[in-house]
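For the protein sequence lines, the chains are A and B, in the order given. If you count the first sequence from 1, position 86 lands on 86 in my numbering, and the numbers rise without skipping. If you count the second sequence from 1, position 18 lands on 1018 in my numbering, and the numbers rise without skipping. Data first, discussion second: the structure below is written as structure tokens.
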Amino acid sequence: NAGVTQTPKFRILKIGQSMTLQCTQDMNHNYMYWYRQDPGMGLKLIYYSVGAGITDKGEVPNGYNVSRSTTEDFPLRLELAAPSQTSVYFCASSYPPPGQGYYNEQFFGPGTRLTVL
Amino acid sequence: TQLLEQSPQFLSIQEGENLTVYCNSSSVFSSLQWYRQEPGEGPVLLVTVVTGGEVKKLKRLTFQFGDARKDSSLHITAAQPGDTGLYLCAGGRAGANSKLTFGKGITLSVRP
Chain A
1 NAGVTQTPKF
11 RILKIGQSMT
21 LQCTQDMNHN
31 YMYWYRQDPG
41 MGLKLIYYSV
51 GAGITDKGEV
61 PNGYNVSRST
71 TEDFPLRLEL
81 AAPSQTSVYF
91 CASSYPPPGQ
101 GYYNEQFFGP
111 GTRLTVL
Chain B
1001 TQLLEQSPQF
1011 LSIQEGENLT
1021 VYCNSSSVFS
1031 SLQWYRQEPG
1041 EGPVLLVTVV
1051 TGGEVKKLKR
1061 LTFQFGDARK
1071 DSSLHITAAQ
1081 PGDTGLYLCA
1091 GGRAGANSKL
1101 TFGKGITLSV
1111 RP
């Protein structure tokens, strides 16, 4: 299993450009997440999904959009890039909740480092 | 908002030393996880603790969940350069649509 894969690994955008960050997992996890990580700030949740066709906002959703058409894929869209979106973006997935004993242990991808100039 | 405070923020020690770092909150969590993140990579789960007072060991790493499930500690015995990285704690609540709350992390550097 490849786990969680993200592409691209690095990207430089100009202000106002758009792009899609790709995320794919091959573990058949229902739950998927997008985080951004800024220096000294930990991980901030952008959007998450509990299954195909279902998405919801996290803590910092402004300027981003997501879709979840399949269990495997959870792309993150930036429509009008701004310097404030310069960050490292991580996609993660977790087990489906079986009832008892589900503690949302997350598996992370390697990240996409995005710079907006 | 459930906040997790991690301390110290930065720690630089010599190989072979012991250290303890902390993750504290005013809120109760049903579980607490520790992740380690190496430069240029994503976080990797080290352990999940779920019962108040629980202690888990992973080789030279000892994790403890506070009795009231509001705090946790990580103790490393005889630190090695391979322990270098960012240590993140994350609190969660069991149940549908649960999300994790992450602390800001502790940057550990172990010098040879």
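Note that the Cβ used here is the ideal one computed from N, Cα and C, for glycine as well. On a predicted model such as this, the values are computed, not experimentally measured, just so you know.
Proximity test, Cβ basis, 8 angstroms: K1099(B) and chain A: Closer than 8 angstroms: yes.
Candidates T71(A), P75(A) and T70(A): closest to Y64(A) by CA position: Scanning T71(A), P75(A) and T70(A) for the CA closest to the CA of Y64(A) turns up P75(A).
Rounded straight-line distance, which links the Cα of Y1022(B) to that of A82(A): One alpha carbon belongs to A82(A), the other to Y1022(B), and they sit about 35 angstroms apart.
Beta carbon proximity, Q106(A) to chain B, threshold 8 angstroms: Q106(A) belongs to the set of residues whose beta carbon lies under 8 angstroms from a beta carbon in chain B.
Top-ranked residue by Cα proximity to G109(A), from L45(A), G53(A), F90(A) and L117(A): Ranking L45(A), G53(A), F90(A) and L117(A) by Cα distance to G109(A) puts F90(A) first.
Buried/exposed call for P1039(B), threshold 16 Cβ in 10 Å: With fewer than 16 Cβ atoms within 10 Å of its Cβ, P1039(B) is classed as exposed.
Partner residues on chain B for G16(A), Cβ-Cβ distance less than 9 angstroms: Chain B residues near G16(A): none, gap ~28 angstroms exceeds 9 angstroms.
Length at least 3, wholly inside the region 3-61 of chain A: the beta strand (DSSP E) runs in chain order: Within the region 3-61 of chain A, the beta strand (DSSP E) runs of at least 3 residues that lie entirely inside it are, in chain order, 4-7, 10-13, 19-25, 31-37, 43-51 and 54-57.
First and last residue of the uninterrupted beta strand (DSSP E) at R1060(B): Element bounds for R1060(B): n/a, residue is neither H nor E.
Cβ of G42(A) within 8 angstroms of any chain B Cβ: With a threshold of 8 angstroms between beta carbons, G42(A) makes contact with chain B.
Buried or exposed by the 16-neighbour rule on C-beta atoms within 10 Å, applied to F1029(B): It counts as buried.
Proximity below 8 angstroms, CB of Y95(A) to CB of H29(A): It is a contact, given that the beta carbons lie within the stated cut-off.
Status (buried if at least 16 other CB within 10 Å, exposed otherwise) for F1010(B): Result: exposed.
Rounded straight-line distance, which links the Cα of L117(A) to that of F1065(B): Their backbone Cα atoms lie some 43 angstroms apart in a straight line.
Candidates Q6(A), Y47(A), F10(A) and P61(A), of which the one nearest C23(A) by Cα: Closest option to C23(A), Cα to Cα, is Q6(A).
Inter-residue spacing [alpha-carbon to alpha-carbon] between G1085(B) and Q37(A): One C-alpha to the other measures close to 15 angstroms.
Per-residue DSSP class, three states only, for D1083(B): Looking at D1083(B) - three-state DSSP - the assignment turns out to be helix.
Integer Cβ distance of N1018(B) from I1106(B), believed to fall under 8 angstroms: Taking C-beta atoms under 8 angstroms as the contact rule, N1018(B) and I1106(B) fail to qualify, at a distance of about 15 angstroms.
Pick from R1069(B), S1012(B), K1070(B) and T1048(B) that is closest to T1062(B), judged by C-alpha positions: Checked all of R1069(B), S1012(B), K1070(B) and T1048(B); the closest Cα to T1062(B) is T1048(B).
Beta carbon of A1078(B) nearer than 8 angstroms to that of G1052(B): No, these two residues do not count as a Cβ contact at 8 angstroms.
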